[in-house]
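Oh and the sequence shown: position 81 is 84 in this note's numbering, straight run, nothing missing.
These notes concern the structure reproduced below.
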Amino acid sequence: MALKKNKDAAEGAAPKQKKKRWYHQLWEVFQMTREAQPSIVWWLLGAFVGILALGLVIGLAVGHPVYVTLLSLPVALIVVMLLLSRRAERAAYSRIEGTPGASASALGTIRRGWNVEEQPVAIDPRTQDVVFRAVGRPGVVLIGEGPSHRVKRLLEGERKKVARVAPNVTIHLVEVGRDEGQTSLPKLVRTIQKLRPSLSKAEVAAVSKRLRALQSSRPPIPKGVDPMRARPDRKGMRGR
């Protein structure tokens, strides 16, 4: 009876999901990139054939065409993979650029050494402009999403709050967008990584802890409310 029960339980259990092989993931990346950039097929073929042709020419020059061409094969594959990864990154950014919270997705790819807040630290519920925060050795970086003429005020308000808590820490303001003077989403991570360090690792941890304490003291967003879709209570603002 016990064996039968175990067998029935095993049959009723949900089937395990198969892990995707690396080539399945590679194919999905290729398809996603081709949807955004149809010319990627020709770029990859051109790079692959071009490197093989170059290897053949060098091989003919040194008298070993087959040997050098075979050596150029792994080089061609590596170049194709690098080209695909670069184009896939651009395609991924183009799909999310302009959507609320796109900066948080980009900051998720930043290298180690940074403490990035996944949720916005400041929100304008009327315009949906938001500010995200990252703390690293260059100091505190505040990243604002929204038109330049609006998000500047939101960034400045958050800068003053951070300056009161961490008065001796460098604060960088970055506006993400396509307006003049703003940083485009694909260049956001690179722009932050170019900042010069001014804090030690221990100071980064201390500043992050202090700022999180500041964030926890603010009124929390009610459960079930999407901060990107929040709207002010106009009746309540009029005192009704």
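For every residue, glycine included, the Cβ atom is placed at its ideal position computed from N, Cα and C.
Who are the Cβ neighbours of residue i in its own chain at under 7 Å, not counting the five residues just before and after it?
i, result
"T130", "G149, R153"
"G66", "none"
"Q218", "V124"
"T186", "V177, E178, V179, T194"
"T72", "L55, G58, L59, G62"
"E161", "V124, A125, V134, L145"
"I246", "Residue 246 lies beyond the residue range present for the chain, which begins at 4 and ends at 243; the question has no answer from this structure."
Please go through the same chain and pick out, in chain order, the residues whose beta-carbon is closer than 6 Å to the beta-carbon of residue i, but skip the five residues on each side of it.
i, result
"V119", "L110, A137"
"I43", "T36, R37, R90"
So, is residue i buried or exposed, given that buried needs 16 or more other C-beta atoms within 10 angstroms?
i, result
"T2", "In the structure as shown, the chain begins at 4 and stops at 243. Residue 2 is therefore absent and cannot be evaluated."
"R90", "buried"
"A107", "buried"
"A64", "exposed"
"E121", "exposed"
"P77", "exposed"
"V52", "exposed"
"I54", "buried"
"V60", "exposed"
"L141", "Position check: residue 141 holds Pro in this sequence, whereas Leu was assumed. Per the 10 Å Cβ criterion, buried."
"E159", "exposed"
"K212", "exposed"
"G101", "exposed"
For residue i, which residues in the same chain have their Cβ closer than 8 Å to its Cβ, ignoring the five residues on either side in sequence?
i, result
"V192", "A109, L110, T112, I113"
"W30", "none"
"S203", "R140"
For my contact list, residue i and residue j are in at a C-beta cut-off of 8 Å; report their separation, rounded to the angstrom.
i, j, result
"G104", "S151", "Not confirmed; about 19 Å, so no contact."
"M87", "V32", "In the sequence on display, residue 87 carries Leu and not Met. Their Cβ separation, rounded to whole angstroms, is 7 Å, which keeps L87 and V32 in contact under 8 Å."
"A169", "L214", "7 Å"
"A39", "S97", "6 Å"
Could you tell me the boundaries of the alpha helix (DSSP H) in which residue i lies?
i, result
"V44", "43 to 65"
Mind checking which residues open and close the beta strand (DSSP E) that includes residue i?
i, result
"V179", "174 to 179"
query: Which ranges does the alpha helix (DSSP H) cover as unbroken runs of at least 4 residues, wholly within the segment 95 to 170, from first to last along the chain?
result: 105 to 110, 151 to 168
task: Please go through the segment 189 to 218 and give each complete alpha helix (DSSP H) segment of 4 or more residues, from N-terminal end onward.
output: Fully enclosed alpha helix (DSSP H) runs of 4 or longer: 191 to 196.
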